[in-house]
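So the sequences go chain by chain: A and B. When you line the first sequence up against the working numbering, it's residues 53 to 257, in that order. When you line the second sequence up against the working numbering, it's residues 53 to 257, in that order.
Protein chains: 2
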Amino acid sequence: MRTRAERAGEPETTVGTRERIVRTASRLMQRQGYDGTGIKQISQEAAATLGSVYHFFPGGKQELAVEAIRHGDREFAELLTGMLASAEDPAEAIEAAAHTLAGQLRQSDWVDGCPVTATALGTAARAPDIQRAAAEAFARWRGLVEAKLRAAGFAEGDAGDLAHTVISALEGAELAAQVSRDETPLRLAGAHLAQLIRAVRNTSS
Amino acid sequence: MRTRAERAGEPETTVGTRERIVRTASRLMQRQGYDGTGIKQISQEAAATLGSVYHFFPGGKQELAVEAIRHGDREFAELLTGMLASAEDPAEAIEAAAHTLAGQLRQSDWVDGCPVTATALGTAARAPDIQRAAAEAFARWRGLVEAKLRAAGFAEGDAGDLAHTVISALEGAELAAQVSRDETPLRLAGAHLAQLIRAVRNTSS
DNA sequence: ACGACTCTAGAACGAACGCTCTATTCGGTA
DNA sequence: TACCGAATAGAGCGTTCGTTCTAGAGTCGT
């Protein structure tokens with residue numbers, strides 16, 4: 053069922069309670085992790101009540117966390133799609149993506165890292181649902197990079213392998229940058245990934 | 053003051069209470085994160101009492117977390133030193149390191165990832181001490197890789213830059229492998245890092 | 001006008017949290 | 001032997017946790 057605001061087709065200025073809860077949960081868990089984020093904090097910052105939270109997510113905190121990860125997944129996938137489209141050459145596009153990520157991370161005062169890592173880490177053993185949602189997110193992002201490489205003429209195997217390393221390296225570099233409060237890891241990862249992509253292109257031609 | 057067992061020079065079979073607490077805290081926080089790990093759980097699994105924990109760590113949970121990260125730092129530095137010494141060629145050594153990490157991760161049923169990431173993530177904004185200890189760990193590991201590259205003849209700038217990316221990529225690949233419960237990210241990261249190192253060596257010669 | 005239903009609202013529950021406190025045991029030194 | 005500080009031991013503090021519960025407000029078809 054949709055709320056009045058949604059039915060009226062109002063713009064994003066007013067958003068449904070459920071969506072507000074998911075967005076808030078995603079942002080808070082991204083910053084504080086699963087255990088560091090309380091349901092009450094989520095409901096307060098989302099301007100919702102506990103009743104609403106448990107109405108929309110009868111599965112409780114775990115169900116909410118899964119939805120939060122899926123939200124972060126979609127969010128980053130859109131961002132990545134845009135960044136990959138910024139240049140025809142995949143090496144250039146990925147280096148640009150690294151710089152964009154570095155800028156956003158610095159702008160948030162090194163607080164907003166990967167939207168799924170903090171939530172997934174530490175819950176993997178306890179909550180298979182959360183771990184699975186995080187794995188799906190990684191796989192989706194990898195698929196976007198792979199498609200970009202395939203479109204640029206890379207062979208199927210090379211594209212898949214490179215996509216794995218691109219996502220891993222970006223993820224790790226964002227982590228290192230966040231912990232060190234320094235964008236150098238992301239800058240260097242971007243440059244090295246571009247160099248690696250070009251090296252693989254040359255060896256396979 | 054040291055305990056009787058330590059003074060007597062007994063082997064690792066008996067270890068002091070303080071060390072036992074630190075090791076347990078490091079292992080638990082590695083798996084469950086900072087907020088997911090309780091002081092009481094640590095004291096129980098370390099076969100110590102709450103009184104002992106607060107006797108050795110009057111700064112409470114935060115002080116204990118800093119010591120836990122430092123412990124993980126030293127532990128991984130030793131592991132990395134050994135892996136880097138396994139081959140003269142740094143490219144081979146790092147690829148071997150990735151494989152070793154993959155094996156250990158799989159062996160722990162994808163539970164024991166990086167010993168500092170889970171603890172540092174989510175506490176960065178709240179606890180500067182913890183964030184600083186994690187940053188120091190990353191810097192130390194990077195220094196080890198840089199020294200290996202320098203010893204193999206890489207120029208200072210190239211070695212430092214590559215070391216950044218090696219640590220970032222290994223970190224991210226371990227994360228991806230843990231979340232996906234699949235060692236492919238670590239295997240590919242090792243192969244690609246070796247390829248990247250060789251490419252840099254050739255361009256600078 | 002009216003039941004049916006969705007959603008909002010927040011008090012209250014037991015459990016667990018980090019931490020403080022006092023009491024007790026123990027080994028080394030005077 | 002007497003003593004002292006290190007270390008152990010755990011009851012209990014106030015707070016917060018995730019969750020449940022009942023009550024009310026808003027909106028629809030009929």
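Don't be surprised by glycine CBs; every beta carbon is placed ideally from N, CA and C. None of these values were measured; they are calculated from a predicted model.
{"Asked": "Nearest candidate by alpha-carbon position, reference H244 of chain B, set B:T217, B:L227, B:R233", "Found": "B:T217"}
{"Asked": "Which of helix, strand or coil DSSP assigns to L173 of chain B", "Found": "coil"}
{"Asked": "Under the three-state DSSP convention, the category W193 of chain B falls into", "Found": "helix"}
{"Asked": "Closest residue to L157 of chain A among A:L238, A:E140, A:I219 (Cα-Cα distance)", "Found": "A:L238"}
{"Asked": "Coil, strand or helix - S160 of chain B by DSSP", "Found": "coil"}
{"Asked": "Residue-level contact to chain A via CB, Q114 of chain B, 9 angstroms cutoff", "Found": "no"}
{"Asked": "Contacts that V74 of chain A makes with chain B (C-beta to C-beta distance below 7 angstroms)", "Found": "Going along chain B, no residue has its Cβ under 7 angstroms from V74 of chain A, so there is no contact; the nearest lies around 19 angstroms."}
{"Asked": "CA-to-CA distance, Q93 of chain A to D87 of chain A, given in whole angstroms", "Found": "12 angstroms"}
{"Asked": "Validate contact between the stretch 168–175 of chain B and the stretch 161–174 of chain A using beta carbons, cut 8 angstroms, 3 pairs", "Found": "yes"}
{"Asked": "7 angstroms CB neighbourhood of S138 of chain A in its chain, flanking five on each side removed", "Found": "A145, A148"}
{"Asked": "Environment of A228 of chain A [buried if 16+ CB atoms lie within 10 Å]", "Found": "buried"}
{"Asked": "C-beta neighbour in chain B for F190 of chain A, strict 9 angstroms", "Found": "yes"}
{"Asked": "CB contact check: T169 of chain B to chain A, cutoff 9 angstroms", "Found": "yes"}
{"Asked": "Interface partners of Q230 of chain B on chain A, CB under 7 angstroms", "Found": "A176"}
{"Asked": "Contacts around M81 of chain A, its chain only, beta-carbon distance under 6 angstroms, and the 5 residues preceding and following it disregarded", "Found": "T89, A120, T171"}
{"Asked": "Per-residue contacts from Q247 of chain A into chain B (C-beta, under 9 angstroms)", "Found": "L248, A251, V252, T255"}
{"Asked": "P237 of chain B: contacting residues in chain A (beta-carbon distance under 7 angstroms)", "Found": "H216, S220"}
{"Asked": "Proximity to A143 of chain A [Cα-Cα], best of A:F206, A:D234, A:S232", "Found": "A:F206"}
{"Asked": "Inter-residue spacing [alpha-carbon to alpha-carbon] between T255 of chain B and R70 of chain B", "Found": "50 angstroms"}
{"Asked": "Start and end residues, alpha helix (DSSP H) containing F206 of chain A", "Found": "It is not in any alpha helix (DSSP H) - F206 of chain A carries neither H nor E in the DSSP assignment."}
{"Asked": "Cβ neighbours of L248 of chain B in the same chain (closer than 8 angstroms, five flanking residues each side left out)", "Found": "L214, T217"}
{"Asked": "Minimum C-alpha distance to K200 of chain A - residue among A:A189, A:G212, A:F190", "Found": "A:G212"}
{"Asked": "Positions along the stretch 199–215 of chain A whose CB lies within less than 7 angstroms of some CB in chain B", "Found": "D213"}
{"Asked": "In chain order, each alpha helix (DSSP H) run of at least 4 residues that lies wholly inside the stretch 74–155 of chain B", "Found": "91–97, 102–108, 112–136"}
{"Asked": "Minimum C-alpha distance to R79 of chain A - residue among A:G68, A:A98, A:A150", "Found": "A:A98"}
{"Asked": "As assigned by DSSP and simplified to three states, the class of G242 of chain B", "Found": "helix"}
{"Asked": "Cα-Cα separation, A129 of chain A to G68 of chain B", "Found": "49 angstroms"}
{"Asked": "Own chain, CB closer than 7 angstroms to Q230 of chain A, minus 5 neighbours either side, in chain order", "Found": "L157, W162, G165"}
{"Asked": "Per-residue DSSP class, three states only, for D213 of chain A", "Found": "helix"}
{"Asked": "Beta-carbon gap between A185 of chain B and S220 of chain A smaller than 9 angstroms", "Found": "no"}
{"Asked": "Interface partners of G193 of chain A on chain B, CB under 8 angstroms", "Found": "Here the sequence assigns Trp to residue 193 of chain A, which means Gly is not the residue at that position. Ordered by position in chain B, no residue passes the 8 angstroms Cβ test against W193 of chain A, which lies about 10 angstroms from the chain."}
{"Asked": "Beta-carbon contacts of L136 of chain A that lie in its chain and below 8 angstroms, excluding the five residues immediately before and after", "Found": "P142, A145, I146, A149, L196, V197, K200"}
{"Asked": "Reduced DSSP category for P237 of chain A - H, G, I as helix; E, B as strand; rest coil", "Found": "helix"}
{"Asked": "Proximity test, Cβ basis, 9 angstroms: D181 of chain B and chain A", "Found": "no"}
{"Asked": "Under 9 angstroms between C-beta atoms of S232 of chain B and A179 of chain A", "Found": "no"}
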